[in-house]
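Q:
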Amino acid sequence: MSSEAKNILDTAERELSSLYPEYPEKMKTNPDRKKLDWELCNQGAISEADLISIYARASGLEAKDEEEVRDREVVQFPGISADYLINSVCLPVSWTDDAMELFVSEPYTLGKMSYFIKSLYGRKVSFSLARRSILERKIHTVYEKPVDEKVNESSQFLQSGDSEEALRNLASEAAIVRLVNELFTRAIESGASDIHIEPEETRLIVRFRIDGVLHLILTTPLSQYPAIVSRIKLIGGLNIAERRLPQDGRTNLKLGRYDVDVRISTIPTMNGESVVLRLLRKDTSYDLKNIGMNDNIRGEFEKLISLPYGIILVVGPTGSGKTTTLYGAMSMLNTMERKIITIEDPVEYKMSGLSQMQVNPKIGLDFASGLRHIVRQDPDVILVGEIRDKETAEIAIHASLTGHLVLSTLHTNDAAGAISRLIDIGVEGFLISSSLKAVISQRLIRKICVKCHGKGTEHETGKCKVCSGTGFKGRTGIYELLSISDEIASAISKSSDSSTVFNLARKQGMKTIIEDGNEKVAAGITTESEIARVTINV
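Residues in the sequence shown are numbered consecutively from 1, following the working numbering.
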């Protein structure tokens, strides 16, 4: 073994042992380093991103990202079969009179591969690293069967009523395990909230929802669709043989240093099952200081949630950050002196110190029935995931009138609209006026990328790698806080409409959500078009 090869082995072992302390012990029973590393990667003990970074540092080779691999043309080398490339997971990308370039997935066999190519072609060879799952996708894209054959194979599979055992075998193939693990890792690294896996007539597409917007991440042959969906169902504990009915599941994933809860939803479509996975990071911050509230709004909101009783509502459309705001409030209130109980559908975030209940309509446990039992548990604070009907609203109001602080959400476009919404579902105005303390309306806006300053490009590298060329990276909130004064309470008790309540609030100094957004534009945090995009219905 050359000194260079030994140095690669030693450096990789040292770094892998630091990341995964059981690594030296594993080596005793599995001396094949290449095989051991990928087994640990498949098991989720080490993420593929961490593994390729360690390989790059150990070997001194450059690690290519997916875009660089995808954009390179594959060179056909005479004498090297597709089977060799598939088995070796290497990709030839350059061929000149005296040199060749290969993308490889690991550094352990560089000497052997270099000797083979020199012997065969008499040329020098240079190497770059790339994630194995990325190379496998590229290789299969180049060397797989024509599209019409793949579609026929997939159609036969979907119509043949395969046994559960056959589906499990498909889902357990190493390449599929790596591909699905890679999807999860990439989604987490990019800050995606959801993964969408959607079959079309001739292909399978995967999209990530990043900062509230869907982005196409990859397309893959339709022939891989059954195995990918079966793998995800297996992870989520779903019935992998059932393709005719919608299914829901939940699981926890540990991929290297990442630990996430995953909610899984499948529905049957004309082309097969559509799968959506919601990713819930366990390291999410619940600090009200970190969600975009300015000092004035946050200060007033913190005073309101410190009240001993009453109702506080957080309103906005789906995906506007309402649950994060509620849990920011819970984080502040979560002390040994308070009993806090939540009822949610589903429980998205787990927080120590809270008693969290999930509704289950199948056994008759809905928001209303759950609330009735919660008030008998002597709570100080109650979090209701959503007020959907008159019964839930009235129970929540009665709980607030008997000495409990109740926080919940409504789907309305602005703060004043929450009052009209409660009246519309049948709640009496005098009950609302006597219990409601405040309504906070919110939206999530994308922040301008600090690397490219919103341009989406960099002079040196072209497309900005931080924001993937979008010009935005990360999100923050914009807010509108309506505090219920005596004058506003009087108007509510008379069942006044939302415009009357809004005008009274404006006279008392309420800042609108658009004004809060414009302040963030002036501060260089976001753009006017982004504010217009999220406030179009306000």
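Heads up, the beta-carbon is just placed ideally off N, CA and C, and yes, glycines get one too.
Alpha carbon to alpha carbon, how far is isoleucine 205 from glycine 462?
A: Locating residue 205 in the sequence shown gives position 205, counting from the first residue. Locating residue 462 in the sequence shown gives position 462, counting from the first residue. So the two alpha carbons sit approximately 25 Å from each other.
Q: Helix, strand or coil for valine 466 per DSSP?
A: The residue given as residue 466 occupies position 466 in the sequence shown. Reduced to three states, the DSSP call for valine 466 is coil.
Q: Helix, strand or coil for proline 268, going by three-state DSSP, please let me know.
A: Translated into positions along the sequence shown, residue 268 becomes position 268. DSSP places proline 268 in strand when its eight states are reduced to three.
Q: With 16 as the cutoff for other CB atoms within 10 Å, does histidine 404 come out buried or exposed?
A: One-based indexing of the sequence shown puts residue 404 at position 404. Looking at its Cβ environment, which holds 16 or more other Cβ atoms inside 10 Å, histidine 404 is buried.
Q: Just to confirm before moving on: does the CB-CB distance between proline 107 and serine 59 stay below 7 Å?
A: Translated into positions along the sequence shown, residue 107 becomes position 107. Translated into positions along the sequence shown, residue 59 becomes position 59. Contact flag set, yes.
Q: Leaving out five residues before and five after alanine 12 in sequence, what residues of the same chain have Cβ atoms less than 7 Å from its Cβ?
A: Mapped onto the sequence shown, residue 12 falls at position 12. Hits under 7 Å: Ile54, Tyr55 and Ala58.
Q: Which value, in whole angstroms, describes the spacing of the CA atoms of serine 265 and aspartate 194?
A: Mapped onto the sequence shown, residue 265 falls at position 265. Mapped onto the sequence shown, residue 194 falls at position 194. Cα to Cα, the separation comes out at about 11 Å.
Q: Within 10 Å of its beta-carbon, does arginine 14 have 16 or more other beta-carbons around it, so buried, or fewer, so exposed?
A: Within the sequence shown, numbered from 1, the residue matching residue 14 stands at position 14. Its Cβ having fewer than 16 others within 10 Å, arginine 14 is exposed.
Q: Would you call proline 146 buried or exposed, if buried means 16 or more other Cβ atoms sit within 10 Å of its Cβ?
A: On the sequence shown, residue 146 is found 146 positions in, with the first residue counted as 1. Since pLDDT at proline 146 reaches only 42, below the 50 mark, its modelled position is unreliable, and the value read off the structure follows with that caveat. With fewer than 16 Cβ atoms within 10 Å of its Cβ, proline 146 is classed as exposed.
Q: Could you compute how far the alpha carbon of alanine 393 sits from the alpha carbon of proline 199?
A: Within the sequence shown, the letter at position 393 stands for residue 393. Within the sequence shown, the letter at position 199 stands for residue 199. Going by the C-alpha atoms only, they are around 41 Å apart.
Q: In the DSSP assignment, find the unbroken beta strand (DSSP E) run with glycine 236 in it and report its ends.
A: Start at 1 with the first residue of the sequence shown, and residue 236 comes out as number 236. Segment 225-236 is the alpha helix (DSSP H) holding glycine 236; no beta strand (DSSP E) there.
Q: Give the secondary structure of methionine 336 by DSSP, where H, G and I count as helix, E and B as strand, and everything else as coil.
A: Your numbering for residue 336 matches position 336 in the sequence shown. Methionine 336 falls in the coil class under three-state DSSP.
Q: Pick from Pro221, Leu222 and Pro246: whose alpha carbon is nearest that of lysine 233?
A: Locating residue 233 in the sequence shown gives position 233, counting from the first residue. Among Pro221, Leu222 and Pro246, the Cα nearest to that of lysine 233 belongs to Pro246.
Q: Specify whether the region 473-493 and the region 441-450 touch according to this definition: at least 3 beta carbon pairs, one from each stretch, less than 8 Å apart.
A: At 8 Å Cβ cutoff, the stretches touch.
Q: Mapping the DSSP letters down to three states, classify cysteine 90 as helix, strand or coil.
A: In the sequence shown, the residue the question calls residue 90 occupies position 90. Here cysteine 90 sits in strand by DSSP.
Q: Could you check what DSSP says for glutamate 302 in three-state terms: helix, strand or coil?
A: On the sequence shown, residue 302 is found 302 positions in, with the first residue counted as 1. Glutamate 302 falls in the helix class under three-state DSSP.
Q: Output the residue ranges of the beta strand (DSSP E) runs that lie fully inside the region 33-96 and measure 3 residues or longer, sorted by chain position.
A: Here the runs fully enclosed are 90-95.
Q: Taking C-alpha atoms, which residue in Thr251, Ser320, Leu91 and Gly316 lies nearest to valine 213?
A: Counting from 1 along the sequence shown, the entry for residue 213 is found at position 213. For the residues Thr251, Ser320, Leu91 and Gly316, the minimum Cα distance to valine 213 belongs to Ser320.
Q: Indicate whether alanine 241 and leucine 170 have their beta-carbon atoms separated by less than 7 Å.
A: For this step, residue 241 is matched to residue 241 along the sequence shown. For this step, residue 170 is matched to residue 170 along the sequence shown. Not closer than 7 Å, so no.
Q: Rounded to whole angstroms, what's the CA-CA distance from glutamate 344 to leucine 365? Just pull it up for me.
A: Position 344 of the sequence shown holds residue 344. Position 365 of the sequence shown holds residue 365. The alpha-carbon atoms of glutamate 344 and leucine 365 are separated by roughly 11 Å.
Q: Helix, strand or coil for asparagine 413? Go by DSSP, reduced to three states.
A: Position 413 of the sequence shown, counted from the start, is the residue given in the question as residue 413. Here asparagine 413 sits in coil by DSSP.
Q: How would you write the range of the alpha helix (DSSP H) that threonine 220 sits in, first residue to last?
A: Locating residue 220 in the sequence shown gives position 220, counting from the first residue. Here threonine 220 belongs to no alpha helix (DSSP H); instead the beta strand (DSSP E) covers 213-221.
Q: Would you say the region 304-312 touches the region 518-532, given that touching needs at least three Cβ pairs under 8 Å?
A: With the cut-off at 8 Å, the region 304-312 and the region 518-532 do not touch.
Q: Based on Cα-Cα distance, which residue from Gly122, Leu135, Ser119 and Asp83 lies nearest to leucine 102?
A: Numbered from 1 along the sequence shown, position 102 holds the residue referred to as residue 102. Measuring from the Cα of leucine 102, the nearest candidate turns out to be Leu135.
Q: Would you identify the three-state DSSP class for proline 107, choosing helix, strand or coil?
A: What you label residue 107 is simply residue 107 of the sequence shown in a count that begins at 1. Reduced to three states, the DSSP call for proline 107 is coil.
Q: Should the region 382-398 be called in touch with the region 338-354, which here means at least 3 C-beta pairs below 8 Å?
A: Judged by Cβ distances under 8 Å, the region 382-398 makes contact with the region 338-354, as three or more pairs qualify.
Q: Quick one: Cα of arginine 178 to Cα of alanine 130, how far?
A: For the purposes of this step, residue 178 is identified with residue 178 of the sequence shown, where counting begins at 1. For the purposes of this step, residue 130 is identified with residue 130 of the sequence shown, where counting begins at 1. Cα to Cα, arginine 178 sits roughly 14 Å from alanine 130.
Q: Using DSSP bridges, identify the partner residues of glycine 249.
A: For the purposes of this step, residue 249 is taken as residue 249 along the sequence shown, with counting starting at 1. According to DSSP, which records beta bridges pairwise, glycine 249 is partnered with Ile264.
Q: Going by CA-CA distance only, name the one from Glu302, Met357 and Val314 that's closest to serine 331.
A: Stepping through the sequence shown from its first residue, residue 331 is reached at position 331. Among Glu302, Met357 and Val314, the Cα nearest to that of serine 331 belongs to Glu302.
Q: If you draw a straight line from the alpha carbon of phenylalanine 430 to that of isoleucine 297, how long is it in whole angstroms?
A: If you number the sequence shown from 1, residue 430 lands on position 430. If you number the sequence shown from 1, residue 297 lands on position 297. Distance between the alpha carbons of phenylalanine 430 and isoleucine 297: 27 Å.
Q: At the level of alpha carbons, what is the spacing between leucine 436 and leucine 280?
A: Sequence index remark: in the sequence shown, residue 436 carries index 436 (1-based). Sequence index remark: in the sequence shown, residue 280 carries index 280 (1-based). Approximately 31 Å, taken between the alpha carbons.
Q: Which of the three DSSP states, helix, strand or coil, is assigned to threonine 239?
A: To locate residue 239, count along the sequence shown from 1; it is residue 239. Contrary to the premise, residue 239 reads as asparagine rather than threonine in this sequence. Coil at asparagine 239, not helix or strand.
Q: Going by DSSP in three states, glutamate 344 sits in which element: helix, strand or coil?
A: By 1-based counting over the sequence shown, the position of residue 344 is 344. DSSP places glutamate 344 in strand when its eight states are reduced to three.
Q: Considering only DSSP beta bridges, list what methionine 357 is partnered with.
A: Within the sequence shown, numbered from 1, the residue matching residue 357 stands at position 357. BP columns for methionine 357 point to Ile343.
Q: Just to confirm the assignment, what range does the alpha helix (DSSP H) spanning glycine 321 have?
A: On the sequence shown, position 321 is the one that residue 321 refers to. Looking at the DSSP string, glycine 321 is not in any alpha helix (DSSP H), and its letter there is neither H nor E.
Q: On the DSSP letters alone, give me the boundaries of the beta strand (DSSP E) that aspartate 194 sits inside.
A: Position 194 of the sequence shown, counting from 1, holds the residue named residue 194. Note, aspartate 194: beta strand (DSSP E), 192-199.
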